[in-house]
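J.: Read in order, the letters of the sequence shown correspond to residues 4 to 606 in the numbering used here.
Built from N, CA and C at the ideal position, the CB exists for glycine as well.
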Amino acid sequence: MYRKLQFKIVLILVSFIVCIMTVVGTILIGNIFSYYTDDFTRQQSEVFTEDFLHELEKSLTYENYPERIKNTLSAYSARLGIDENRNFFLLDANGNYLSGSVAKEDSNIKKTQNLVHAIAGNTSHVQKVGNSSMDWAEVVVSPKDPSFSVIVYITDNNAEMKEFSWMVFSIILQSLLIGLVVAVILSFFLSKAIVSPIQSITKKATKLSKGDFDESLTVYSDDEIGTLTHTFNKMADTLKNNLNEISNQREKLETIIHYLKDAVIAFDNEGMPMHINPEAKALFKDDVTGTLTLDKLIEILDLDCRTEDLTLGENDSVNLTNVIFENRVFDVSFGKFNFNLSEKTFGGYIAVLHDVTESFELDKSRREFIATVSHELGTPLTGIKGATETIVANPDMPNDVKNHFLDMVISESDRMTHIVHDLLVLSRLDNHRVNWNPSSFSIAELIEKCCLVLSAEAKNNSQELTYVKNDDSLPDVFADKEKIEQILINIVQNAMKYTQDGGKIFITLDLTNVQGKADLKDGKYFKISVADNGQGIPEEDLPHIFERFYRVEKARNSDKGGTGLGLAIARELAQAHGGNILITSKVKKGTLVDIYLPEQAKF
Ligand code: ADP
4 MYRKLQFKIV LILVSFIVCI MTVVGTILIG NIFSYYTDDF TRQQSEVFTE
54 DFLHELEKSL TYENYPERIK NTLSAYSARL GIDENRNFFL LDANGNYLSG
104 SVAKEDSNIK KTQNLVHAIA GNTSHVQKVG NSSMDWAEVV VSPKDPSFSV
154 IVYITDNNAE MKEFSWMVFS IILQSLLIGL VVAVILSFFL SKAIVSPIQS
204 ITKKATKLSK GDFDESLTVY SDDEIGTLTH TFNKMADTLK NNLNEISNQR
254 EKLETIIHYL KDAVIAFDNE GMPMHINPEA KALFKDDVTG TLTLDKLIEI
304 LDLDCRTEDL TLGENDSVNL TNVIFENRVF DVSFGKFNFN LSEKTFGGYI
354 AVLHDVTESF ELDKSRREFI ATVSHELGTP LTGIKGATET IVANPDMPND
404 VKNHFLDMVI SESDRMTHIV HDLLVLSRLD NHRVNWNPSS FSIAELIEKC
454 CLVLSAEAKN NSQELTYVKN DDSLPDVFAD KEKIEQILIN IVQNAMKYTQ
504 DGGKIFITLD LTNVQGKADL KDGKYFKISV ADNGQGIPEE DLPHIFERFY
554 RVEKARNSDK GGTGLGLAIA RELAQAHGGN ILITSKVKKG TLVDIYLPEQ
604 AKF
């Protein structure tokens, strides 16, 4: 670039100088030429006046007219400008030499147009000035004999003019050469002054294009180039700041997208993948993420029926709820993004998959729970309605039958009250609205009290309810006594309920170190074990045993008056204390329920 510009400057200066010198030379040489011819013409016309010609004509009357005319012309030689380059000749009418300023042998007269004209007898003055020579021919006619005439012929070989022109030409040539040298030197300084800053700017621009913004250019002058350098520095600063800003924003955005819990995929305007965040990569298989186009995503997520909604023509986003993929539920949003906000160049699509599995499951279990509650409350209500309608429809029915129906009403009402009470307890536990009254008390004494309360019922069932005391020196527990009593009653009542008459129920108490047990933190716990030799729980029911309203055999349990809420309440109360309840059971062999309670409950 530098060389090219320097070459251009040299070329411009040289062309300028050559042009000037050519024009000046042409005008100068042209002027010299016309000056000499004009001067020649002026000199001749000043000498060859009427009087002078009469004098020459008169000379023709003499015998020695050539001599006389030669003398006359010699007398005028200074005015005629006769010298070594300019001669005069006296020629006869045929152009033959008679006399002249030089001898015949040196005359070398050429038949110029003027001379030919004069030989033709043209009596008028003729003259012609050529390029290589100038001449002047005068026909002098004898006043006595018009047929006798001579030609006075003056010729100039232009040597002086040529010499002067050549001198001027050589001066111009020298000036041209000097001009060319000056042009080269000037171009060097000019290119240094103009090109060096441009060269620095070019270097800096190359560095800028490679992302190097560190150096700034030195401003050497306050002229246009200085202003350009200053403006360039400012532009580089602005560019650096803007690029920093953009890269900061981009980093922020990438960090947000990277750590987003939602799966985010950006597609270009042709639906090809541009960016897939780690959550999306984890969601879709590795072989899919490489070629996950927009169409493929729609296909994988099985959105065929809604493909037409994704044209995103007028609406800028489309939201699809409860899309099930890989056993998870997603809210999928498709949006458009633009590259240039002001001109709105369509950039592509963004797909965001928000995992709503948890809330979806929660919603589902809530709906199921409401359905179960409605069913559980509906059954006793139907019983009550049926019994009362039967009584109303048969006013004359016997009293014992009527009492049977009334007992049914009372028992179903009790069952409903029981369910509502248990639901209220669970609802308080769910909403953390239970009033906890923690205190220190002896668990052994509480177990003894429970056994006493339930002993009458056990006796009725001919069951053996025994508390096997292992250790007398156990410390007190810090917990809510009333709630622990409720847990105990629920568990022991279950053991009695699901153990045949004459069966055995054993209760033991220990303080034990728990380590690596599922659903329990490592530490010291009171362990109350309630073992029975009843009907046991089938293996497939064990994982569901703590679910609300879950009963192993609904028909069997309804006979026993159960609600399916007792174990759920017991375990949630134990967990609220920082403990838990674990059940192991074998059908027809019996069930072992272990209640774990920490020494110091924290609510
Ligand atoms: P329910 O009010 O029906 O007793 P629970 O939540 O207390 O409800 O118990 C849930 C189910 O677990 C019962 O319906 C019963 O089938 C089973 N179950 C609980 N404890 C025992 C046990 N000791 N022996 C056998 N089955 C039991």
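1. Among all the DSSP beta bridges, which residues are the ones paired with T594?
2. State the Cα-Cα distance for the pair L93 and I23, rounded to the nearest angstrom.
3. Contact between the stretch 106 to 123 and the stretch 151 to 161 is defined here as three or more beta-carbon pairs at a separation below 8 Å; is this criterion met?
4. Expressed to the nearest angstrom, what Euclidean distance is found between the alpha-carbon atoms of S458 and H580?
5. What is the DSSP secondary structure of M277, counted as helix, strand or coil?
6. Among S443, I175, Y599, I327, which residue has its Cα nearest to the Cα of T515?
7. Which residues in the same chain have their Cβ closer than 8 Å to the Cβ of C308, if we skip the five residues on either side of it in sequence?
8. Are the stretch 163 to 175 and the stretch 31 to 48 in contact at 8 Å, needing three or more beta carbon pairs?
9. Applying the 10 Å Cβ sphere with the 16-neighbour rule, what's the burial state of S150?
10. According to DSSP, which residues form a beta bridge with Q603?
11. Quick check: the stretch 191 to 204 against the stretch 172 to 179, are at least 3 beta-carbon pairs closer than 8 Å?
12. So what does DSSP say about L297, is it helix, strand or coil?
13. Quick check: the Cα distance between E415 and D305, rounded to an integer number of angstroms?
14. List the DSSP bridge partners of D271.
15. Which whole-angstrom value describes the C-beta separation of R551 and A571, a residue pair presumed to lie in contact below a C-beta threshold of 8 Å?
16. Exposed or buried, D138, counting other C-beta atoms within 10 Å across all chains shown (16 or more means buried)?
17. Return the chain-ordered ranges of every alpha helix (DSSP H) run that is complete within the stretch 400 to 465 and spans a minimum of 4 residues.
18. Quick one: is the Cβ of T385 within less than 7 Å of any heavy atom of the ligand ADP?
19. Could you check how far apart the C-beta atoms of V480 and E602 are, in whole angstroms? I think they sit under 8 Å.
20. On the DSSP letters alone, give me the boundaries of the beta strand (DSSP E) that K520 sits inside.
21. Taking the C-alpha atoms as reference points, what is the distance between D86 and T75?
22. Relative to the C-alpha of F444, which residue among N463, C453, K484 is closest?
23. Note the first and the last residue of the continuous beta strand (DSSP E) segment covering V2.
24. Give the straight-line distance between the Cα atoms of P69 and F43, rounded to the nearest whole angstrom.
25. Are there 16 or more other CB atoms within 10 angstroms of the CB of L455, so buried, or fewer, so exposed?
26. Enumerate, from N- to C-terminal direction, the unbroken alpha helix (DSSP H) stretches of 4 or more residues contained entirely within the stretch 220 to 276.
27. Could you compute how far the alpha carbon of S122 sits from the alpha carbon of T25?
28. Our contact map puts N322 next to S336 with C-beta atoms below 8 Å; I'd like the distance itself, whole angstroms only.
29. Under the criterion of a Cβ to heavy atom distance below 7 Å, does R554 qualify as lining the ligand ADP?
30. At what residue ranges does the stretch 64 to 126 contain a whole run of the beta strand (DSSP E), taking only runs of 3 or more?
31. Can you list, in chain order, the residues of its chain with a C-beta nearer than 7 Å to that of C453? Leave out the 5 residues immediately preceding and following it.
32. Using 10 angstroms around the beta-carbon of E257, count the other beta-carbons present and answer buried if the total reaches 16, otherwise exposed.
33. Take S190 as the anchor and find which of K147, I327, F19 has the nearest alpha-carbon.
34. Report the residue from L193, V555, I353, S80 whose alpha carbon sits nearest the alpha carbon of S588.
35. Are there any heavy atoms of the ligand SAM lying less than 7 Å away from the beta-carbon of Q503, as far as the coordinates show?
T.: On the basis of the coordinates in this document:
1. The residue given as residue 594 occupies position 591 in the sequence shown. DSSP output for T594 lists D535, S588 as bridge partner(s).
2. Working through the sequence shown from its first residue, we reach residue 93 at position 90. Working through the sequence shown from its first residue, we reach residue 23 at position 20. Computed Cα separation, rounded: 47 Å.
3. Look at the beta carbons and you see the stretch 106 to 123 touching the stretch 151 to 161: at least three pairs across the two are nearer than 8 Å.
4. For the purposes of this step, residue 458 is taken as residue 455 along the sequence shown, with counting starting at 1. For the purposes of this step, residue 580 is taken as residue 577 along the sequence shown, with counting starting at 1. The alpha-carbon atoms of S458 and H580 are separated by roughly 27 Å.
5. Along the sequence shown, read from residue 1 onward, the residue named residue 277 stands at position 274. Three-state result, M277: strand.
6. Indexing the sequence shown from 1 puts residue 515 at position 512. Of the candidates S443, I175, Y599, I327, the one whose C-alpha sits nearest the C-alpha of T515 is Y599.
7. As a first step, residue 308 is located in the sequence shown; it is residue number 305 there, counting from the start. Low local confidence applies: a pLDDT of 48 at C308 is under 50, so the model's placement there is unreliable, with the coordinate-based value given in what follows. If we look at C308 and ignore the five residues flanking it on each side, it has no Cβ neighbours.
8. yes
9. Along the sequence shown, one-based indexing puts residue 150 at 147. Result: exposed.
10. The sequence position of residue 603 within the sequence shown is 600, counting from 1. Answer is F481, bridged to Q603.
11. Segments in contact, no.
12. Along the sequence shown, one-based indexing puts residue 297 at 294. In this structure, L297 counts as helix in the three-state DSSP scheme.
13. For the purposes of this step, residue 415 is identified with residue 412 of the sequence shown, where counting begins at 1. For the purposes of this step, residue 305 is identified with residue 302 of the sequence shown, where counting begins at 1. Rounded to the nearest angstrom, the two C-alpha atoms are 49 Å apart.
14. Translated into the one-based positions of the sequence shown, residue 271 becomes position 268. DSSP, once it has assigned bridges, lists G351 as partnering D271.
15. Here residue 551 refers to the residue found at position 548 of the sequence shown. Here residue 571 refers to the residue found at position 568 of the sequence shown. Contact flag correct, Cβ pair sits at about 5 Å.
16. The count along the sequence shown starts at 1 and reaches residue 138 at position 135. So D138 counts as buried.
17. 402 to 433, 446 to 463
18. By 1-based counting over the sequence shown, the position of residue 385 is 382. No; taking the cut-off as 7 Å, the Cβ of T385 has no heavy atom of the ligand ADP nearer than that.
19. Within the sequence shown, residue 480 is the residue found at index 477, counting from 1. Within the sequence shown, residue 602 is the residue found at index 599, counting from 1. Confirmed, Cβ separation roughly 6 Å.
20. Locating residue 520 in the sequence shown gives position 517, counting from the first residue. Secondary structure note for K520: it is in no beta strand (DSSP E), with a DSSP letter that is neither H nor E.
21. Along the sequence shown, one-based indexing puts residue 86 at 83. Along the sequence shown, one-based indexing puts residue 75 at 72. Their Cα atoms are separated by approximately 16 Å.
22. Here residue 444 refers to the residue found at position 441 when the sequence shown is read from its first residue. Nearest option by C-alpha distance: K484.
23. Examination of residue 2 is not possible in this model, given that the chain is present from 4 through 606 alone.
24. Stepping through the sequence shown from its first residue, residue 69 is reached at position 66. Stepping through the sequence shown from its first residue, residue 43 is reached at position 40. If you take the alpha carbons of P69 and F43, they lie about 24 Å apart.
25. Position 452 of the sequence shown, counted from the start, is the residue given in the question as residue 455. By the 10 Å Cβ count, L455 comes out exposed.
26. If one requires a minimum length of 4 residues, the alpha helix (DSSP H) runs lying completely within the stretch 220 to 276 are 227 to 262, in chain order.
27. Sequence index remark: in the sequence shown, residue 122 carries index 119 (1-based). Sequence index remark: in the sequence shown, residue 25 carries index 22 (1-based). For clarity, residue 122 is Ile in the given sequence; the question names Ser instead. Whole-angstrom Cα-Cα distance: 42 Å.
28. By 1-based counting over the sequence shown, the position of residue 322 is 319. By 1-based counting over the sequence shown, the position of residue 336 is 333. Indeed, because the Cβ distance is near 5 Å, the residues count as touching under 8 Å.
29. In the sequence shown, counting from the first residue as 1, residue 554 sits at position 551. Yes.
30. 89 to 95, 100 to 103
31. Reading the sequence shown from its first residue, position 450 is the one you call residue 453. Within the same chain, C453 has close Cβ partners E488, L491, I492, V495.
32. The residue given as residue 257 occupies position 254 in the sequence shown. Per the 10 Å Cβ criterion, exposed.
33. As a first step, residue 190 must be located in the sequence shown, where it is residue number 187. Cα-wise, what sits closest to S190 is F19.
34. Taking the sequence shown and counting its residues from 1, one reaches residue 588 at position 585. Selected option, being the one with the closest Cα: V555.
35. The ligand SAM is not part of the structure shown, which contains the ligand ADP as its ligands.
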